[in-house]
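Chemist:
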Amino acid sequence: MLTVRTEKLLSIAYGGRKYAIDRSFSVRTVNNTLKEKMAKRPVFGMTIYSNFPPVIENLAYYGFDFAFIDAEHCPWEVTSLREAVLAARFAGISPLVRVTKPDMIEIRKAFEKGAEGVIVPHVKTAEDVKLCVKAGKFPPKGRRGFDMTVRSAHYGVGVNSADYIQHTFDTEMIIPMAEDFEFMDNINEILAVEGVDAINFGPADYSMSTNRPSGYDMKNSDTDEVLRSIVAAARPKGIGVMAPALPTNEETIKTLISKGVNMLVCGSDIYHWQRSIENVLKSGVEEYLK
Numbered sequence: 015m016l017t018v019r020t021e022k023l024l025s026i027a028y029g030g031r032k033y034a035i036d037r038s039f040s041v042r043t044v045n046n047t048l049k050e051k052m053a054k055r056p057v058f059g060m061t062i063y064s065n066f067p068p069v070i071e072n073l074a075y076y077g078f079d080f081a082f083i084d085a086e087h088c089p090w091e092v093t094s095l096r097e098a099v100l101a102a103r104f105a106g107i108s109p110l111v112r113v114t115k116p117d118m119i120e121i122r123k124a125f126e127k128g129a130e131g132v133i134v135p136h137v138k139t140a141e142d143v144k145l146c147v148k149a150g151k152f153p154p155k156g157r158r159g160f161d162m163t164v165r166s167a168h169y170g171v172g173v174n175s176a177d178y179i180q181h182t183f184d185t186e187m188i189i190p191m192a193e194d195f196e197f198m199d200n201i202n203e204i205l206a207v208e209g210v211d212a213i214n215f216g217p218a219d220y221s222m223s224t225n226r227p228s229g230y231d232m233k234n235s236d237t238d239e240v241l242r243s244i245v246a247a248a249r250p251k252g253i254g255v256m257a258p259a260l261p262t263n264e265e266t267i268k269t270l271i272s273k274g275v276n277m278l279v280c281g282s283d284i285y286h287w288q289r290s291i292e293n294v295l296k297s298g299v300e301e302y303l304k
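Under the working numbering, the sequence shown is numbered contiguously, ending at residue 304.
1. Quick check: Ala259 and Cys280, are their CB atoms within less than 8 Å of each other?
2. Taking the beta carbon of Gly298 as the centre, do at least 16 other beta carbons fall within 10 Å, making it buried, or is it exposed?
3. For the alpha helix (DSSP H) containing Val99, name the first residue and the last one.
4. Report back the beta-carbon spacing between Lys51 and Met187 to the nearest angstrom; my notes put them in contact at under 8 Å.
5. Pick from Arg112, Val69 and Val113: whose alpha carbon is nearest that of Ala102?
6. Would you kindly check if the distance between the Cβ of Ala74 and the Cβ of Ala105 is under 8 Å?
7. Tell me Ile213's beta-bridge partners as DSSP assigns them.
8. Within the stretch 61-147, note down every full beta strand (DSSP E) run reaching 3 residues or more, in order along the chain.
9. Report the residue from Phe197, Ile244 and Asn225 whose alpha carbon sits nearest the alpha carbon of Val275.
10. Flag this pair as yes or no: are the beta carbons of Ile119 and Val132 separated by less than 8 Å?
11. Give the list of continuous beta strand (DSSP E) stretches no shorter than 3 residues that lie fully inside the stretch 249-301.
12. Roughly how many angstroms separate the alpha carbons of Trp287 and Tyr76, rounded to a whole number?
13. Need the endpoints of the beta strand (DSSP E) that Ala192 sits in, please.
14. According to DSSP, is Phe58 helix, strand or coil?
15. By how many angstroms is the C-alpha of Val143 removed from the C-alpha of Ile14?
16. Closer than 7 Å: is that where the CB of Ile189 sits relative to any heavy atom of the ligand GTP?
17. Using C-beta distances below 8 Å, list every residue in its chain close to Lys123, excluding the 5 sequence neighbours before and after it, in chain order.
18. According to DSSP, is Ser235 helix, strand or coil?
19. Roughly how many whole angstroms lie between the Cα atoms of Gly128 and Ser166?
20. In the structure shown, what three-state DSSP assignment does Phe311 receive?
21. Quick one: is Ser272 buried, meaning 16 or more other Cβ sit within 10 Å of its Cβ, or exposed?
22. Can you look up Asn202 in the DSSP assignment and give me helix, strand or coil?
23. If we ignore side chains and look at the alpha-carbon of each, how far apart do His168 and Met162 end up?
24. My output table needs one value for Arg226: the three-state DSSP class, helix, strand or coil.
25. Are the beta-carbon atoms belonging to Gly209 and Val137 less than 8 Å from one another?
26. Tell me which residue opens and which closes the alpha helix (DSSP H) that Glu50 is part of.
27. Assuming the contact rule is C-beta atoms closer than 8 Å, Val57 and Asp84 should be a hit. Round their C-beta distance to whole Å, please.
28. Is Val245 helix, strand or coil by DSSP?
29. Between the beta-carbon of Ser235 and the beta-carbon of Ser221, is there less than 8 Å?
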């Protein structure tokens, strides 16, 4: 937790007179909580494709742990997600931002605007992971560009730079995606890179990369064995494993947890919106639309 202390003004002059001002400190915190929660239990979130702040706020109010805010498959840049990240911060849910690729600038900007974690798609080699860490960690752990006039540093108000840097080391998350066969070919070298906090397994893209497309189905495809291999390699190193819980039901969730997955993505805002529309149609509307 990054504590921010702001001392109030001592005095103010007006009309030729000076007025005393309370010198007490106001205290605020930049509260990254996901790693702390993961040390105790699995965490649960949802992918946000809509970039719609009320969806994120409601996700928080229902008690979810993280919002997986996407920039890879959506028509906006990483910097256009600022309102979504602000909504997450306001409502008290951890904002994880998926950038478009391993990229020094995108990863840094995602963190600076307030992301608690950055999810990086199509990471295939140890060199890709080194770039992610280089972009997301300050020296000596990486080469992230330093600036205090950013949201993640409370714009430098009441924050000691050394405390801010340590806070990022302790609480921010680098999350590469395992969604290509090359990732599994290089998994030992990838997980040997220091600075990786979790791996996000993408079964749909992974199966596509092997020319055996199976979508998100991990029951009837070899992606189940891939997930087990990721868990076996990552969890003993203290690295979390994220995976989609689809279909989102009790059986899927309990099965994933039993396999060692500790970050569960419970579908997406669009997925659940579509299910809700289907239920409305089945409630008596559909027969009139034919």
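Yeah, the Cβ is synthetic: ideal placement off N, Cα and C, and Gly gets one too.
Modeler: On the basis of the coordinates in this document:
1. As a working note, residue 259 is residue 245 in the sequence shown. As a working note, residue 280 is residue 266 in the sequence shown. Taking 8 Å as the Cβ cut-off, Ala259 and Cys280 qualify as a contacting pair.
2. Taking the sequence shown and counting its residues from 1, one reaches residue 298 at position 284. Exposure of Gly298 is indicated by the presence of fewer than 16 other C-beta atoms within 10 angstroms of its C-beta.
3. Taking the sequence shown and counting its residues from 1, the one referred to as residue 99 is at position 85. Segment Arg96 to Ala105, the alpha helix (DSSP H) holding Val99.
4. As a first step, residue 51 is located in the sequence shown; it is residue number 37 there, counting from the start. As a first step, residue 187 is located in the sequence shown; it is residue number 173 there, counting from the start. Contact between Lys51 and Met187 does not hold, since the beta-carbon distance rounds to 12 Å and is not under 8 Å.
5. The residue labelled residue 102 in the question sits at position 88 within the sequence shown. Ranking Arg112, Val69 and Val113 by Cα distance to Ala102 puts Val69 first.
6. Position 91 of the sequence shown holds residue 105. Position 60 of the sequence shown holds residue 74. Cβ distance < 8 Å, so Ala105 and Ala74 count as in contact.
7. The count along the sequence shown starts at 1 and reaches residue 213 at position 199. The partner list for Ile213 (beta bridge, DSSP) reads Val255.
8. The beta strand (DSSP E) runs of length 3 or more contained entirely in the stretch 61-147 are, from start to end of the chain, 80-84, 108-112 and 131-134.
9. What you label residue 275 is simply residue 261 of the sequence shown in a count that begins at 1. Distance from the Cα of Val275 is smallest, within the candidate group Phe197, Ile244 and Asn225, for Ile244.
10. Counting from 1 along the sequence shown, the entry for residue 119 is found at position 105. Counting from 1 along the sequence shown, the entry for residue 132 is found at position 118. With contacts defined as CB atoms closer than 8 Å, Ile119 and Val132 fail to qualify as a contacting pair.
11. DSSP runs (the beta strand (DSSP E)) wholly in the stretch 249-301: 254-258 and 277-282.
12. As a working note, residue 287 is residue 273 in the sequence shown. As a working note, residue 76 is residue 62 in the sequence shown. Cα-Cα distance, rounded: 16 Å.
13. For the purposes of this step, residue 192 is identified with residue 178 of the sequence shown, where counting begins at 1. Counting along the chain, Ala192 sits inside the beta strand (DSSP E) bounded by residues Met187 to Ala192.
14. For the purposes of this step, residue 58 is identified with residue 44 of the sequence shown, where counting begins at 1. Phe58 falls in the strand class under three-state DSSP.
15. The requested residue 14 does not occur in the structure, where the chain is confined to residues 15 to 304.
16. Looking for the ligand GTP in the displayed structure turns up nothing, as the structure carries no ligands at all.
17. On the sequence shown, position 109 is the one that residue 123 refers to. In chain order, Val92 and Thr93 place their CB closer than 8 Å to the CB of Lys123, counting only its own chain and leaving out the 5 sequence neighbours on each side.
18. For the purposes of this step, residue 235 is taken as residue 221 along the sequence shown, with counting starting at 1. Three-state DSSP puts Ser235 in coil, outside helix and strand.
19. Your numbering for residue 128 matches position 114 in the sequence shown. Your numbering for residue 166 matches position 152 in the sequence shown. Each residue's alpha carbon lies about 5 Å from the other.
20. It is not possible to answer for residue 311, since the shown part of the chain is limited to 15 through 304.
21. Working through the sequence shown from its first residue, we reach residue 272 at position 258. Classification of Ser272: exposed, given that the 10 Å Cβ count is below 16.
22. Within the sequence shown, residue 202 is the residue found at index 188, counting from 1. The DSSP-derived three-state label of Asn202 is helix.
23. Working through the sequence shown from its first residue, we reach residue 168 at position 154. Working through the sequence shown from its first residue, we reach residue 162 at position 148. The alpha-carbon separation between His168 and Met162 amounts to approximately 8 Å.
24. Within the sequence shown, residue 226 is the residue found at index 212, counting from 1. Arg226 falls in the coil class under three-state DSSP.
25. Position 195 of the sequence shown holds residue 209. Position 123 of the sequence shown holds residue 137. 8 Å or more divides the Cβ of Gly209 from the Cβ of Val137.
26. As a working note, residue 50 is residue 36 in the sequence shown. Unbroken alpha helix (DSSP H) run through Glu50: Leu48 to Met52.
27. In the sequence shown, counting from the first residue as 1, residue 57 sits at position 43. In the sequence shown, counting from the first residue as 1, residue 84 sits at position 70. Between Val57 and Asp84, the beta carbon gap of about 18 Å keeps them out of contact (Cβ cut-off 8 Å).
28. Taking the first residue of the sequence shown as position 1, residue 245 is located at position 231. Look at Val245 here: in three-state DSSP terms it is helix.
29. Mapped onto the sequence shown, residue 235 falls at position 221. Mapped onto the sequence shown, residue 221 falls at position 207. Cβ distance < 8 Å, so Ser235 and Ser221 count as in contact.
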